[in-house]
Structure formats: structure tokens, C-alpha cells
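**Q**
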Ligand SMILES: Nc1ncnc2c1ncn2[C@@H]1O[C@H](COP(=O)(O)OP(=O)(O)OP(=O)(O)O)[C@@H](O)[C@H]1O
Ligand SMILES: [Mg+2]
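Residue numbers (my numbering), protein chains in the order written: chain A, 240 to 519; chain B, 12 to 370.
Here it is in C-alpha cells:
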């Protein structure tokens, strides 16, 4: 019995270690570049001869043409990601509550129509979205990106939250109604607290989706004081002699917040995103 | 403190009608039990009273005030659900205080009422716990506590004990009854368990397929069931039923079973030759001690001693008959015996309509 366990674990490790190495390799590269001096960045060594934090200093002090607005762009990324996370939550929670708990007529239909949009790849919708934002005069406005990302994140979020809501016993709502709760009080005092794990998961999902978005950010924003850090990173490649070591440094910095958020909320991510996916 | 009255209540879900015109009154302070087999519409009726379900036709009044269009929260009722429906994210104290907080009661009133309810229900040690940290019986009591802090006009219970094990169910049954005797709040209690109904109710409404079969005190229903359905539903083990024809001749009245056996009658109701169902409760049968005149011949199939009583399953003609005796009769399966019937305790129903023949 015990031996069986050990061999099973060994097999898992046999698969797990190569996968881990495979995924870690690019990240290690990123890290390697960021601590190498410019000259030896392409030396191809496993560890640089003279590791340095100079690159970080350059980045943080905005001491390069491409980095003139580093802090502002980081702030833009953060602002947009947090807004998208918060607003998607607002939209999706309200929708899920209305569909699942208040049982609004036609709610399911609306949800399914929204999900239908996923049949069209987001890349195909980019140009229509660009035109739409143009029509509303929102181009070059960060609201354009925020609204676009909410549009993309919402259907999935509504679906996940609705599945999770459906698992809450309906008798709780009835008990609250008899106790004297209005729909809004029901939402605030009973529904939201009970949905917390799923809400954290969905909020994080939308936030990371926006943080990592490139295509829409690139299309909808162009002024370099408004673009996100992701887009700014892309601009590095416009030059012939791209400062790779700085690109990688910024990339590493850009990758840290999602990793931290994911780590902090991973308990909710796994539980929340799969809630409703299987019968427990 | 309030009376409740149902008047010509009907309920349809889409095109299916599940309640077909129900009307009855509940007196102030009464403990009324709605009982009936699964799917007969008990919960639906209760939920209409609670305001959780639309009323398709008819009126419901609380204290003579029609509440059809009054929202749940304004009906001044409190309900205990089968699943308890406690708020999982609130402590016991907060669960009980929730309705008072929503009604903007002041902190002192809330604290007093919660403390009083906790005392009545022995919940003091658990006030700061969460529902998941309680046993089934304790959760049940919190659900009741949540109802009594409100001091509502009517308590509604929907099968509150069916999630508890048998022993706890008996204990909680007594507790709910004691609570009612103390608070004297009008109560409507739904169950499909006739023992619960018999032991707790002031009066019972027996429902079947969305209609009322009979209303009465527990012993009324037991002693004088209006029809076959009530006769067989109330009482455990259930009443024995033998199908046959009514005969009245020189040797007195009897029912001649389809198998030819003669079952003695006390009452004189019914016409000669009428097709009837003959009903006799297990405890109104006994073993005939040798050569009694009108004993019904039978053969023992199963003997089930429970200690205080012995339950015998016997075959009489083509009927399976159950009889309960207090003693410990020295019989075994296969024995041929005679059944003695207490003729005064016999119930006779018309087979076609199921209605009791007037005495
Ligand atoms: N929301 C609903 N939609 C459609 N039909 C319903 C609905 N609720 C109940 N019914 C039907 O109404 C009938 C009565 O249901 P109800 O829940 O009142 O039965 P009950 O007497 O409480 O039974 P049980 O003892 O099983 O709880 C059933 O046939 C049921 O299928
Ligand atoms: Mg029911």
C-alpha cells in the first residue's frame, strides 16, 4: 500500500519536474538578463560573471529613452487592471444575483447570449471595438480599454458566479425575506458574504486579464502617457538596437504583481473558479 | 397572537393545479398540524401563508385581515425550514438578531430578546458559534430561536424535524410542544409523519392530493375517521381493511369478506348487500381463547415481540391482518387461531366512495 503510494508519487515527479523546468526556463532567462550588464547579456552563461542590479536602477530612475514614463505606465497598468477587476465584479455579481437569486425573467437567455460572444476570438472583435470606441469618442482614453476589458471578462465571470450562486440554498433567501430583508439587503448582507471566495477569484481573474492584455491596450491607447506598461514594453522592440536587458528587467517587474496576487489568492482561485464546474 | 383563515384556496403551477379549493380556520393560539402523504400540497399551502408563493385563487387572512397582497416581511410570521436555512456566515447570536436588526430595533431590545430566546432554548453556550459548529439538534433550536425573537403572530414549521435522527426527533417534538404551551403562539406545522401530527397537534388537517380529507383533534381522527384515506393514514400500525359485503340476517349483522369469512359488526348502518370496506385497528383485535362463537379463523405468519407489546401478522381468508396484544401470547408461525373482534370498534366504509357509513 505504502510502496504503491511512493511509486505513484515518483511517477508524478517524473512528469512534474520536466514540466516545471520547461515553464521556468523562460522566467530564468528573464531573470538572468535583468541581472546581467548590457555587454554580457547575450553571453549565454548560466550565471553572469558580474551580476548587477544596475538595470533595476536604470528602470526605477527612468534613465532611458524608452523608460521616460515607467512609473506612470506602471500606474496606468495598475489603475486599469484594478478598475476592470472592480467593475467586472460589480457587473457580474449583479447579473448573477439577478439571474440566479431574483430569477429575473429572460436572465438565462441574456447570460447565454453573452457567452456566445466567446465563439468569436477576441482578436476579431478588436477592430469593431476600435470603431465603436471611436464612435463614442473614447479613443486614447483609458476608459476605452477599461470598458473593452469588462466586456471581455464579463460573460465568463457572470457564468462562473451564476454557477456558484445556484449552489446557495434558495431557502436562505426565503428566510431572509421573511426576516424582512429587501432584495438589496439580501444582496449585501447574505449573498455577497457567502459568495466571497468566488468573488475574490473572479475579481482576480478580471484584474489579471486586464493587466496582461496587450492587443486591446495597443489598439485603443496610443499616447505614451496613457499606455500600459505592457504596451510600453512592446515599443522597446521598435528600435534596431533594443535594450534587451532593460526590456527583460521591466518584464520581470511586470510579472511580479500577478504572481504575488495569484499566490495570495490561490486558495480562492482553485476553489472559486471550479465552483459549479463539478458537482461537489 | 392571531387567528388564521384559509378561504377557497387554489394553487396552480403553470397548468397543473395542486391545491383544489381548501378552506379552514385556525383559532388564536392553536397548534394546527397539516399532515398528508408526500406531494399532497402541505408545503405549498404553508408557503402561501408565508407569502413565498402566489395565491392562485381564494384568500388567506391573518387576524381577519386578508394578506394575499401583503409581503412576507409584513405578515408578521416566522418560519422554520426543514433545512433550518441558518445564515452560515453569522454566529448564532447574529442569526437570531438578524430580523430585529433589519427592523431597526434598538440594541438593547435586540440583546434582551436574543438573551431570552437563548435561555428558553438552552442556547446560551453557543451564542458565539457558527452554524457549522453545531449539531443538528442545536441548529434546529437556533432556527426556532430565530423565529421566537421576533415574537410573531404565527409560527410556521415545514417538516422541521425530518433531518434529525429518531431519538432526537422525539426529544425535539416534546420541546416544540413545550415551547408552544409556554408562548401560546398560533402555530401551523407541516409534517408527513402522522405520529408527529398525533402527538403535537391541537387539531389536524389531513390532506390528500390538494384536498382536505378531514379536520379534527387527533383522537377524533383516530376514533372516527370520515373516510378510508384518513382511516388508513392515521394510526400505526395502520388500520386493517377487509373488503366484503354487508349482511344483516337473523344471526346479527356482519360483513362477508370476498373469501367468505364473516366479520362481526356492532353498528346497524348500511343496507344489506352493500359493498363495503371493513376496518378494524390492530389493537381492537385479540386472540380468541378456544371456541368463541364469532371468532374469525386465521393462521399466524409472523410474530414480532417488541417487549411491551407483541405484533402478530396473521392470514385470515385472503387478507393480511395485523394485531397488537399487550401480553406475550404463546403462539408461533403456522398456528391456527381465532380472531376476536371488538364490534364496537369496527369502522365501515362504502367501498365506492370511501366514506364512512353513518352509525
Ligand atoms: N415550484 C413548483 N413548480 C411546479 N410544481 C410544484 C412546485 N412546487 C411544488 N409543486 C408541486 O406541487 C405539489 C405539492 O407540492 P408540495 O411541496 O406542497 O408537497 P408536500 O405536501 O409538501 O410534499 P412533501 O411531504 O414531499 O414535502 C407536488 O405535486 C409538487 O410537484
Ligand atoms: Mg413539503
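C-beta atoms are modelled at their ideal positions from N, C-alpha and C, and glycine is treated no differently.
Does at least one heavy atom of ligand 1 sit under 6 Å from the Cβ of residue 94 of chain B?
**A** Residue 94 of chain B: no, Cβ never under 6 Å from ligand 1.
**Q** By Cβ distance below 8 Å, which residues in the same chain neighbour residue 505 of chain A in space, the five residues on each side in sequence not counted?
**A** Result list for residue 505 of chain A: empty, nothing under 8 Å.
**Q** Between residue 455 of chain A and residue 368 of chain A, which are expected to be in contact by the criterion C-beta below 8 Å, what is the C-beta distance as a whole number of angstroms?
**A** Yes, they are in contact, since the Cβ atoms of residue 455 of chain A and residue 368 of chain A sit about 7 Å apart, within 8 Å.
**Q** Could you name the residues of chain B that residue 545 of chain A contacts, counting a contact when the two beta carbons are closer than 7 Å?
**A** This structure does not reach residue 545 of chain A, given that chain A is present from 240 up to 519, and the question cannot be answered.
**Q** Compute every distance between the C-beta of residue 339 of chain A and the non-hydrogen atoms of ligand 2, then say whether any falls below 6 Å.
**A** Checking every heavy atom of ligand 2 against the Cβ of residue 339 of chain A, none is found closer than 6 Å.
**Q** Since residue 61 of chain B meets chain A, which of its residues come closer than 7 Å, beta carbon to beta carbon?
**A** Under the 7 Å cutoff, chain A gives 417.
**Q** Is any non-hydrogen atom of ligand 2 found closer than 6 Å to the C-beta of residue 54 of chain B, if you look at the structure I gave you?
**A** Correct: residue 54 of chain B has its Cβ closer than 6 Å to ligand 2.
**Q** Counting along the chain, where does the beta strand (DSSP E) carrying residue 202 of chain B start and finish?
**A** 197-202 is the extent of the beta strand (DSSP E) around residue 202 of chain B.
**Q** Please go through the same chain and pick out, in chain order, the residues whose beta-carbon is closer than 6 Å to the beta-carbon of residue 225 of chain A, but skip the five residues on each side of it.
**A** Nothing can be reported for residue 225 of chain A: it is not among the residues displayed for chain A, which extend from 240 to 519.
**Q** Near residue 481 of chain A, which residues of its chain fall below 7 Å by C-beta distance, leaving aside the five closest residues on each side in sequence?
**A** The residues are 475.
**Q** Comparing the C-beta of residue 113 of chain B with each C-beta of chain C, is any distance below 7 Å?
**A** Annotation note: the requested chain C is absent from the structure, which comprises protein chains A and B.
**Q** Is it a yes or a no for the stretch 210-222 of chain B touching the stretch 291-311 of chain B, going by three-plus beta-carbon pairs under 8 Å?
**A** The answer is no - the stretch 291-311 of chain B does not touch the stretch 210-222 of chain B, with fewer than three Cβ pairs under 8 Å.
**Q** Using 7 Å as the limit for Cβ to Cβ distance, is residue 292 of chain A near chain B?
**A** No, no contact with chain B.
**Q** Quickly, what does DSSP pair residue 294 of chain A with across the bridge? List them, please.
**A** DSSP lists no partner for residue 294 of chain A.
**Q** By Cβ distance below 8 Å, which residues in the same chain neighbour residue 320 of chain A in space, the five residues on each side in sequence not counted?
**A** 446, 447, 449, 450, listed in sequence order.
**Q** Roughly how many angstroms separate the alpha carbons of residue 190 of chain B and residue 69 of chain B, rounded to a whole number?
**A** The alpha-carbon atoms of residue 190 of chain B and residue 69 of chain B are separated by roughly 32 Å.
**Q** Using 7 Å as the threshold, is the C-beta distance between residue 336 of chain A and residue 430 of chain A below it?
**A** Yes. Within cutoff.
**Q** Run through DSSP, which three-state label would residue 22 of chain B get?
**A** It is a strand residue.
**Q** Let me make sure I understand the geometry here. Which of A/488, A/380, A/503 has the alpha-carbon closest to that of residue 275 of chain A?
**A** Out of A/488, A/380, A/503, A/488 has the C-alpha closest to the C-alpha of residue 275 of chain A.
**Q** Jot down the residue ranges of each uninterrupted alpha helix (DSSP H) in the stretch 43-127 of chain B, minimum 4 residues, whole runs only, in chain order.
**A** For the stretch 43-127 of chain B, whole alpha helix (DSSP H) runs of length 4 or above, ordered along the chain, are 53-61, 103-113.
**Q** At least one CB of chain A closer than 7 Å to the CB of residue 24 of chain B: is that the case?
**A** False, the Cβ-Cβ gap to chain A never drops below 7 Å.
**Q** Taking only the alpha-carbon atoms, compute the straight-line gap between residue 242 of chain A and residue 470 of chain A and give it to the nearest angstrom.
**A** Those two C-alpha atoms are separated by around 52 Å.
**Q** Is the CB of residue 432 of chain A under 7 Å away from at least one CB in chain B?
**A** Answer yes: the Cβ-Cβ gap between residue 432 of chain A and chain B drops below 7 Å somewhere.
**Q** Ends of the beta strand (DSSP E) at residue 311 of chain B?
**A** Taken as a continuous stretch (DSSP letters only), the beta strand (DSSP E) holding residue 311 of chain B covers 307-316.
**Q** Could you check whether the stretch 354-368 of chain A touches the stretch 417-426 of chain A, counting it as contact only if at least three pairs of C-beta atoms, one from each stretch, sit closer than 8 Å?
**A** The answer is no - the stretch 417-426 of chain A does not touch the stretch 354-368 of chain A, with fewer than three Cβ pairs under 8 Å.
**Q** Out of curiosity, what's the CA-to-CA distance linking residue 154 of chain B and residue 126 of chain B?
**A** Residue 154 of chain B and residue 126 of chain B: Cα-Cα distance of roughly 15 Å.
**Q** DSSP state of residue 375 of chain A, grouped into three classes?
**A** Looking at residue 375 of chain A - three-state DSSP - the assignment turns out to be coil, as it is neither helix nor strand.
**Q** For residue 363 of chain A, does the count of other Cβ atoms within 10 angstroms reach 16, so buried, or fall short, so exposed?
**A** Flag for residue 363 of chain A reads exposed.
**Q** With burial defined as no fewer than 16 other Cβ atoms inside 10 Å of the residue's Cβ, what is the status of residue 516 of chain A: buried or exposed?
**A** Reliability of the predicted coordinates at residue 516 of chain A is poor, the pLDDT of 42 falling under 50, and the value obtained from them is presented with this limitation in mind. Exposed, by the Cβ-count rule.
**Q** Go through its chain and collect everything with a Cβ distance to residue 462 of chain A's Cβ below 7 Å, but skip five positions before and after it.
**A** Closer than 7 Å at the Cβ level, and outside the excluded window around residue 462 of chain A, lie 379.
**Q** Looking only at its chain, what residues have a beta carbon closer than 8 Å to the beta carbon of residue 296 of chain A, apart from the 5 residues adjacent to it on each side?
**A** So the list reads 302, once near-sequence residues are dropped.
**Q** Indicate whether at least one CB of chain A lies closer than 7 Å to the CB of residue 164 of chain B.
**A** Cβ-Cβ to chain A under 7 Å: no for residue 164 of chain B.
**Q** Per DSSP, what are the beta-bridge partners of residue 297 of chain B in this structure?
**A** Partner(s): B/351.
**Q** When you measure from the CB of residue 24 of chain B to every non-hydrogen atom of ligand 1, does any distance come out below 6 Å?
**A** Checking every heavy atom of ligand 1 against the Cβ of residue 24 of chain B, one is found closer than 6 Å.
**Q** Which value, in whole angstroms, describes the spacing of the CA atoms of residue 207 of chain B and residue 200 of chain B?
**A** Distance between the alpha carbons of residue 207 of chain B and residue 200 of chain B: 10 Å.
**Q** What would DSSP say about residue 450 of chain A, mapped onto helix, strand or coil?
**A** Three-state DSSP puts residue 450 of chain A in a helix.
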